[in-house]
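The sequence shown runs contiguously to residue 252 in my numbering.
Heads up, the beta-carbon is just placed ideally off N, CA and C, and yes, glycines get one too.
See structure below.
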Amino acid sequence: MNKNSNTYIIIYTVVMVVLVAVLLSVTALSLQPLQKENELGAKKTAILEAMGAQEADYASVVKAYAVDAEGNTIEGVTADDALQMLFGLKGAFDAGTYPVFENVENGYVVVPLTGKGLWDDIWGYVALDKDKNTIQGIVLDHAGETPGLGAEIKETKFERTFIGKTIYEADQLVSIAIVKGGAPKDDIHAVDAISGATKTVQGVQTMLKTCLSYYDAYFKSTQPVAESSEEAVVEGESNTENTENNEQE
Numbered sequence: 004m005n006k007n008s009n010t011y012i013i014i015y016t017v018v019m020v021v022l023v024a025v026l027l028s029v030t031a032l033s034l035q036p037l038q039k040e041n042e043l044g045a046k047k048t049a050i051l052e053a054m055g056a057q058e059a060d061y062a063s064v065v066k067a068y069a070v071d072a073e074g075n076t077i078e079g080v081t082a083d084d085a086l087q088m089l090f091g092l093k094g095a096f097d098a099g100t101y102p103v104f105e106n107v108e109n110g111y112v113v114v115p116l117t118g119k120g121l122w123d124d125i126w127g128y129v130a131l132d133k134d135k136n137t138i139q140g141i142v143l144d145h146a147g148e149t150p151g152l153g154a155e156i157k158e159t160k161f162e163r164t165f166i167g168k169t170i171y172e173a174d175q176l177v178s179i180a181i182v183k184g185g186a187p188k189d190d191i192h193a194v195d196a197i198s199g200a201t202k203t204v205q206g207v208q209t210m211l212k213t214c215l216s217y218y219d220a221y222f223k224s225t226q227p228v229a230e231s232s233e234e235a236v237v238e239g240e241s242n243t244e245n246t247e248n249n250e251q252e
């Protein structure tokens with residue numbers, strides 16, 4: 004075949020394109036397990052970071068499971084299953100399965116977040132104290148928010164403002180408000196917004212309220228039970244009787 008003919012050039016080009024496409028496909032497929040492993044490692048790191056346990060070994064510290072809308076632990080869901088849910092979190096939420104990551108050393112629990120910012124997806128992990136109310140840490144990230152504005156949600160300075168805030172008012176889940184112009188200093192349910200990033204922080208606020216609401220029943224079912232007034236009275240009477248008996252003796 005004449006190498007200078009149009010036919011030869013077209014056939015040669017088609018063959019090269021097909022070969023390159025095949026090579027790229029094979030390379031991408033071969034790298035998928037490694038890419039997923041790296042993504043999984045990043046998710047584990049973010050969970051530990053939210054807990055304030057960056058230096059800890061994930062497998063030694065974290066107990067992972069999933070709960071349903073009533074707050075019950077779902078039987079048959081393994082720790083690995085809970086992790087895998089993070090790769091399709093919205094689908095897991097829609098199916099009524101909510102992954103939980105518990106620190107076995109201090110009782111902190113981390114729940115994942117997913118939502119929409121101004122331009123693209125936003126996500127994160129929020130850690131609550133064993134009271135299932137007080138925020139101990141939060142890690143936020145985004146796919147494409149504006150640098151210097153919405154992208155600031157992932158900066159430590161913003162994330163730290165959530166620490167110590169509470170998500171319940173009595174038994175009502177109120178989540179956290181992100182206030183444009185600054186939150187009142189004594190508001191335990193609000194933080195300052197990022198200047199110039201109104202839509203992104205509104206997305207974070209909505210994401211928090213929506214995702215935390217999925218876990219409302221679980222939080223309430225595992226919150227420490229305060230001693231009732233009746234029990235306190237009985238105990239007080241018992242202590243008084245003991246004191247009187249001791250005095251008589």
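Measuring CA to CA, which of the options is closest to residue i?
{"i": "L152", "options": "S224, N9, V204 and Y61", "result": "V204"}
{"i": "I77", "options": "V114, A193, G99 and T30", "result": "G99"}
{"i": "T115", "options": "N9, D189, S28 and A67", "result": "Note on residue identity: the sequence assigns Pro, not Thr, to residue 115. Of N9, D189, S28 and A67, the residue nearest in Cα terms is A67."}
{"i": "G206", "options": "E58, I125 and E42", "result": "I125"}
{"i": "T201", "options": "K119, A220, G127 and V142", "result": "K119"}
{"i": "K135", "options": "L92, E172, I13 and A59", "result": "E172"}
{"i": "D190", "options": "A180, A59 and A49", "result": "A180"}
Using only the alpha-carbon positions, how far apart do residue i and residue j sit?
{"i": "T159", "j": "V70", "result": "30 Å"}
{"i": "Q139", "j": "L89", "result": "21 Å"}
{"i": "Y11", "j": "V17", "result": "10 Å"}
{"i": "T137", "j": "G167", "result": "6 Å"}
{"i": "F222", "j": "E73", "result": "10 Å"}
{"i": "Y15", "j": "V21", "result": "10 Å"}
{"i": "E40", "j": "A154", "result": "25 Å"}
{"i": "E156", "j": "A53", "result": "Checking the displayed sequence, the identity of residue 156 turns out to be Ile instead of Glu. Cα to Cα, the separation comes out at about 14 Å."}
{"i": "H145", "j": "D174", "result": "31 Å"}
{"i": "E105", "j": "V113", "result": "6 Å"}
{"i": "F161", "j": "S216", "result": "22 Å"}
{"i": "E148", "j": "V29", "result": "32 Å"}
{"i": "L86", "j": "L51", "result": "13 Å"}
{"i": "K47", "j": "L26", "result": "32 Å"}
{"i": "F165", "j": "Y101", "result": "22 Å"}
{"i": "N109", "j": "P150", "result": "36 Å"}
Could you spell out the range, first to last residue, of the alpha helix (DSSP H) harbouring residue i?
{"i": "T203", "result": "T201 to Y217"}
{"i": "F104", "result": "Run containing F104: none in the alpha helix (DSSP H); it sits in the beta strand (DSSP E), Y101 to N106."}
{"i": "A196", "result": "It is not in any alpha helix (DSSP H) - A196 carries neither H nor E in the DSSP assignment."}
{"i": "V64", "result": "Y61 to V64"}
For residue i, is the beta carbon positioned less than 7 Å from some heavy atom of the ligand GDP?
{"i": "C214", "result": "With respect to the ligand GDP, the structure shown offers nothing to examine, as it has no ligands at all."}
Is DSSP giving residue i helix, strand or coil here?
{"i": "G140", "result": "strand"}
{"i": "D84", "result": "helix"}
{"i": "K93", "result": "helix"}
{"i": "Q38", "result": "helix"}
{"i": "Y11", "result": "helix"}
{"i": "L32", "result": "helix"}
Between which two residues does the beta strand (DSSP E) harbouring residue i extend?
{"i": "T159", "result": "Careful: T159 lies outside any beta strand (DSSP E), inside the alpha helix (DSSP H) at T159 to R163."}
{"i": "W122", "result": "Unbroken run through W122: none, as it is neither H nor E."}
{"i": "I181", "result": "A180 to V182"}
How do the stretch 184 to 196 and the stretch 75 to 86 stand: do at least 3 beta-carbon pairs fall below 8 Å, yes or no?
Judged by Cβ distances under 8 Å, the stretch 184 to 196 makes no contact with the stretch 75 to 86, as fewer than three pairs qualify.
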